[in-house]
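**Q** Let me begin by handing over the structure; questions about it come next.
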Amino acid sequence: GHDPQPAACLNRLPVDETTRWTTCDPAWLMAPATPLPPSAYGLMHLVSSRHCSHSLDVSKVVPKDLISDILAAARCVTSIANSQPWAVTVIQGEARDKLSKAMLDYFDAGNNGGQSYKKYSTQNTARMQKGKDQYGFELYEQRHGLQRDDADGRRQKYRPNYEFWGAPVLLLLNLPKSSVAGTFVDVGSFMYGLLVAMHSYGLGGKPLGSVAKFTELCRQVLGEAAMPSEEHLVCGICIGWPKDGRDPREMPDWYPSRLAMDETTRFVSNSDWA
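If you want it as structure tokens, here you go:
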């Protein structure tokens, strides 16, 4: 990859120190760099227009050097004491197909799995619950016409997570099992850096908490070197080109509504500042 090293990132670890490439096809790893014009979109537009894509083209190659550039840019996010705690496994080609089939078979056998870390709070604030309920209603009831009690129908709509929504590349985003709350804050920053960097190239994709439910299956399929026992699998991130030539920077896929800014923001300021 190009592994750009802007002056502000000179104290960051090289991409290859935090990334495993062993689950990728050799020909893909050795492919020549792909020239792309610089993005015409400003950062504010990219941040506000980024969304999850649910229909990706598995047949359209995402070049390895773009993945390298995305990883190189995201490593410049802040982390506590510059600790950079994340580790990434890149999955592509034969390994990607093998993992997807194993996950689909396991899911279709009725298994739900579970993360190796606590993901959900059991004490949501009213505002947090409002956001969750709003998402569930808009996704399942409004978009798919599935009622809250239609468990089978909702399960089938969840299944494409294990097809990685058609993406030809999957990242596994990991943390040490010694991680604490602050470490998860760091990996959240890194994940968002990855998502915005992907979006800047016109790539689609989304975080996949579903993949982390099958951590042990990942280890069985990919091996200990790709999914070490001493690490949490925080989530997957699928990456691909949207189908039908859609540019996600201009035409969004479906995404849920967000809470109003005033619902999540407090202003403590002089009265004449506004």
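Heads up: the sequence shown begins at 70 in my numbering, then just goes up one per residue.
Where a beta carbon is used, it is the ideal one built from N, C-alpha and C, also for glycine.
Comparing alpha-carbon positions, which option in Val290, Ser298, Arg223 and Asn80 lies nearest alanine 150?
**A** Of the listed residues, the one whose Cα sits closest to alanine 150 is Asn80.
**Q** Looking at glutamate 300: is its Cβ nearer than 7 Å to the Cβ of proline 245?
**A** Their beta carbons are under 7 Å apart, which means glutamate 300 touches proline 245 by this criterion.
**Q** Does lysine 129 have its Cβ less than 7 Å from a Cβ in chain C?
**A** Here chain C cannot be found, since the structure has a single protein chain.
**Q** Give the DSSP bridge partners of lysine 275, in chain order.
**A** For lysine 275, which the question treats as bridged, DSSP gives the partners Cys307.
**Q** Would you kindly work out how many angstroms separate the C-alpha atoms of glutamine 153 and proline 317, rounded to a whole number?
**A** The straight-line gap from Cα to Cα measures roughly 29 Å.
**Q** Start and end of the beta strand (DSSP E) containing glutamine 161?
**A** Where glutamine 161 is concerned, the enclosing beta strand (DSSP E) stretches over 156–161.
**Q** Can you tell me the Cα-Cα spacing of glycine 273 and glutamine 192, whole angstroms?
**A** Whole-angstrom Cα-Cα distance: 33 Å.
**Q** Compare the C-alpha of tyrosine 204 against each of Trp323, Arg335, Leu82 and Ser185 and name the closest.
**A** Among Trp323, Arg335, Leu82 and Ser185, the Cα nearest to that of tyrosine 204 is on Trp323.
**Q** How many Å lie between glutamate 210 and proline 83 at the Cα?
**A** If you take the alpha carbons of glutamate 210 and proline 83, they lie about 45 Å apart.
**Q** Take every Cβ of the stretch 168–186, pair it with every Cβ of the stretch 134–143, and state whether three or more of those distances are shorter than 8 Å.
**A** Verdict: no, contact absent.
**Q** Can you grab the Cα-Cα spacing for the pair valine 303 / proline 132, in whole Å?
**A** Those two C-alpha atoms are separated by around 24 Å.
**Q** How about the stretch 223–233 and the stretch 277–289: do they share at least three Cβ pairs that are nearer than 8 Å?
**A** Touching, yes.
**Q** Just how far apart, CA to CA, sit proline 237 and asparagine 339?
**A** When rounded, the distance between both Cα atoms is 51 Å.
**Q** Could you give the DSSP three-state label for glutamate 293: helix, strand or coil?
**A** Glutamate 293 falls in the coil class under three-state DSSP.
**Q** How do the stretch 325–335 and the stretch 256–275 stand: do at least 3 beta-carbon pairs fall below 8 Å, yes or no?
**A** These segments do not touch.
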